[in-house]
Amino acid sequence: MKQLALTREVTEIDESKPEQASEKKVLKMLLTNYPKAVELFQQEAQILGQMNHIGIPRLATDGYFSFQPQWSKNPIYCLVTEKITGLDLEQWLEKRDNRAVSEQQAQDWLKQLLDILSQLHQQQYFHRDIKPANIILQPNGKLVLIDYGAARKVTSTYLGKVG
Numbered sequence: 030m031k032q033l034a035l036t037r038e039v040t041e042i043d044e045s046k047p048e049q050a051s052e053k054k055v056l057k058m059l060l061t062n063y064p065k066a067v068e069l070f071q072q073e074a075q076i077l078g079q080m081n082h083i084g085i086p087r088l089a090t091d092g093y094f095s096f097q098p099q100w101s102k103n104p105i106y107c108l109v110t111e112k113i114t115g116l117d118l119e120q121w122l123e124k125r126d127n128r129a130v131s132e133q134q135a136q137d138w139l140k141q142l143l144d145i146l147s148q149l150h151q152q153q154y155f156h157r158d159i160k161p162a163n164i165i166l167q168p169n170g171k172l173v174l175i176d177y178g179a180a181r182k183v184t185s186t187y188l189g190k191v192g
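Everything in the sequence shown is counted per our numbering, starting at 30 for the first residue and increasing by one.
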């Protein structure tokens, strides 16, 4: 399968605020100009821009943009979000040799995910790609749900289609 996006970690330094520590950001670049992929990439930026929850990555100020390189006939679309530190749950489980988690841990994670999804659903979106690789376990034990490229706006047409 062809990779459609490239993700790189970058460090943002606000030169006008030297007292502020630099913040790590993630730069995601779309590697195709296919219209549906561009539409989903723009939708991901829109969703992240509307959310304000500790379990959802924040979109950086002016975090969605495109530019036209001289060497290409197609623009490159970019998305900049906060860097979420930690391992995704797939990596975390592999590191633990896939040992089961405790019932208490599972209940805590489910409560956190329900809180994140509740926020998303209040804005009328479905995530549609919830899997261990899209859930980051931060060092403080909090979960963050990432990758909103497959998210979908709830509409009566969509509900009729899946109903």
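Think of the CB as a built atom: it goes at the ideal place given N, C-alpha and C, for glycine as much as any other residue.
For residue j and residue i, the rounded distance between their alpha carbons
| i | j | result |
| --- | --- | --- |
| Pro98 | Ala74 | 21 Å |
| Lys140 | Met58 | 32 Å |
| Arg128 | Leu60 | 37 Å |
| Lys182 | Gln71 | 13 Å |
| Phe155 | Tyr177 | 9 Å |
| Gly115 | Ile164 | 10 Å |
| Val130 | Gly84 | 20 Å |
| Ser95 | Val67 | 11 Å |
| Ala50 | Ala89 | Reliability of the predicted coordinates at Ala50 is poor, the pLDDT of 47 falling under 50, and no value is obtained from them. |
Helix, strand or coil at residue i [DSSP, three-state]
| i | result |
| --- | --- |
| Ala180 | coil |
| Ala50 | Only weak support is given to the placement of Ala50: the predicted model assigns it a pLDDT of 47, under 50, and the question is left unresolved by the model. |
| Val67 | helix |
| Ile175 | coil |
| Ile105 | strand |
| Ser95 | strand |
Residue i burial status per 10 Å Cβ neighbour count (16 or more: buried)
| i | result |
| --- | --- |
| Gly170 | exposed |
Quiz item: Do the stretch 145-157 and the stretch 76-95 make contact, defined as three or more Cβ pairs closer than 8 Å?
Solution: yes
Exercise. Take every Cβ of the stretch 98-108, pair it with every Cβ of the stretch 116-127, and state whether three or more of those distances are shorter than 8 Å.
Key: no
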